[in-house]
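Heads up, the thing below is written out as structure tokens.
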Amino acid sequence: PSFPGVSLSCCLHYPLRPNSLVLPAVTYFEPVQGGPTRDTDLFTKLVIGVCLAHKDGANCKMSLGMARVCLAVVLIWIAGSHGQMDLTKNHELLVNADHWLMSKRLPDYGWGISTPRVMATLGVIYNSTQRESLVFKLMGKQLELHVLSKLINRKNEPLTAGNLALYIMGLMGTCKDPGSFYNHNLVAMLQHLVSGLDYEFALSSLGLCLSGGHIRKRHLKKLLELMQADTYGRVETLSLATMAVKCIADTHNNKNLGKYVDYSLDYLTKTQRLDGTFGGVASTVVALSAFIGLGVQDQLNLTSAYNSVYDSAASDGSFSNLPTTVDTMLVLSNKSLLALYNMECPETPVNSTEGIIPDLIPNKEPENNTRINITYLIWIGNPPNATYELPMTVPANANFYQIMLNAAELDSNYAFESSIWPNGHFIHTINGVTETKDGYNFWMLYRLKERPEYETQQKERFPKNPDSVDNLYPSNGDFILFWFKQI
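Here the numbering used here is used: position 122 in the sequence shown is 122, and no number is missing along the way.
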């Protein structure tokens, strides 16, 4: 094995020999390259591996003595690197991320479609004093307005299980009861709505459990089944499913469910890569948050994963985009969404200084009144047999999903349908035209600095926008094109 700065050649320079010392359970030492190995397994395999290198018991005793020395070295390595966070760096990055997040807040004190997700996180990482501040209460009121508007408009835009779960967790983050929200029982609504693709099912199951909803046996069975499926967004799905299973085990106070937590944890740890991460920063922070929620982060080798998160911080304090930044703030706070279940919600303000952040609320409120001009275009067909163009004036820090909602209200030709994916909303229908996998016809999103012309595109391909609609923030003068065509 390769441990940074530590040589274990003294332990493993002997070849394994057949017919050596017989042990009740024959095993051997396997190289571990940054994987999340349990410490006890590491010790067992090291001792047995050295022991198997010799034929007779006397040499084995010598080997065991050597192993003890090597184990002491390994202990030093583990103490210095297993799951350790840099608290000073965490503090600095967390404050910067919070300031960036507040700079993206709209004039109505929300973040559009991302408001529930943000408030769930802030509710967990802020201390009680910060949650009693005027700014936090205004953000909470905007969340209530956001959820109420979605409930009122659900006939035109049906609620999905994933969105409803986010609404519930956001309200819990502001100490509101989702079971009694302006005469709406959101928990009961989610109880009848839990379904969808793997990611959405895991998310809705977590929201249902955290809010005290009834968990059916088939929910648990499906959570365990989806862990074995090779699906899109596997790390994110496994992380949410693992937290959901942990929540179910804790809230049902059933020790027999503990084996399912271990079962789900094993599946999640297997997604760790050789470099120690779990993929990109978005996947890595979700996995780290799950480990934190299960309380096993100090038992695993997560140093490389934490370092990859630190290295991904932008100079403005963000981490790639708004959803990833919010998820990263949980990890930097050493928290997970599971903390919503036991979150303290005092009826009166409490003088408290708990938490690793002295004050995350900026003293100066950011200016969010700047507006920009963009043009939203739709092309259908290749060559286009139908085109639509809508000039719009929008807030400078609005993402394109928020702009699409506004466009749909202004012009019915811009009505659309979407589903929830790990990286945000996936647009599958616009103007009644739906993607078809059989014919490879899809909606392609482009962000352009000049007005697009079909003739120009024939000579030079338009650059496809790499971001989702939730993570796309247009600049003044941009042309945003959704083009339905065969690829």
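The C-beta atom is built at its ideal place from N, Cα and C for all residues, glycine as well.
The C-beta distance from Phe400 to Val469 rounds to 5 Å, short enough to fall under 8 Å.
Judged by beta-carbon spacing, Met227 lies beyond the 8 Å limit of Ser180, meaning their Cβ atoms are not closer than that value. The Cβ neighbour count for Arg451, taken over all protein chains shown within 10 Å, is under 16; the residue is labelled exposed.
Distance from the CA atom of Asp327 to the CA atom of Thr121, rounded to whole angstroms, is 8 Å. Partner residues in the beta bridge of Lys485, as assigned by DSSP, are Phe442. Fewer than three pairs of CB atoms, one per stretch, sit closer than 8 Å, so the region 250–270 makes no contact with the region 301–316. For Val433, the secondary structure class from DSSP, reduced to helix, strand or coil, is strand. Exclusion of the five residues before and after Ala396 leaves Thr370, Arg371 and Ile372 as the residues of its chain whose Cβ lies within less than 7 Å of its Cβ. Going by beta carbons, Thr160 and Glu225 fall outside the 8 Å limit.
When Ala339, Cys345 and Thr324 are compared, the shortest CA-CA separation from Gly295 is found for Ala339. Taking the CA atoms as reference points, Gly170 sits about 35 Å from Glu389. The straight-line gap separating the alpha-carbon atoms of Gly123 and Phe136 is approximately 9 Å.
Runs of the beta strand (DSSP E) lying entirely within the region 236–282 and spanning at least 3 residues: none are present. For Arg371, the secondary structure class from DSSP, reduced to helix, strand or coil, is strand. Of all alpha-carbon atoms in Thr174, Ala165 and Leu197, the one lying nearest the alpha-carbon of Val187 is that of Ala165. Between Leu330 and the set Gly293, Asp316 and Ser418, the nearest pair of CA atoms involves Gly293. Within the DSSP secondary-structure output, Leu448 pairs in a beta bridge with Phe479.
By the CB criterion at 8 Å, Ala398 and Leu138 fall outside the cutoff. The beta-bridge partner set that DSSP reports for Glu389 consists of Leu377. Remark: C-beta atoms of Pro323 and Arg117 approach each other more closely than 8 Å. Collapsing the DSSP output to three states places Glu455 in a helix. Contact annotation: Leu302 and Phe319 have beta-carbon atoms that are not nearer than 8 Å. Between Tyr454 and Pro384 a beta carbon distance of about 6 Å is seen, short of the 8 Å cut, so the two are scored as contacting. Straight across, the Cα-Cα distance linking Glu92 with His99 is about 11 Å. Counting only runs of 4 or more residues that sit fully inside the region 177–214, the alpha helix (DSSP H) segments are 186–193 and 198–210, in chain order. Cβ contact annotation for Thr115 (same chain, cutoff 6 Å, sequence separation greater than five): Leu143 and His146, in chain order. For Glu344, no alpha helix (DSSP H) run applies, since DSSP gives it neither H nor E. Rounded to the nearest whole angstrom, the CA to CA distance from Lys150 to Asp275 is 42 Å. Setting aside the 5 residues that flank it on each side, Trp379 is surrounded in the same chain by Thr387 and Trp483, each with a C-beta closer than 6 Å to its C-beta; the list follows chain order. For the 8 Å CB-CB criterion, Leu223 and Ala249 do not form a contact. The beta carbon of Met172 lies closer than 6 Å to those of Leu340 in the same chain, with the five residues before and after it left out.
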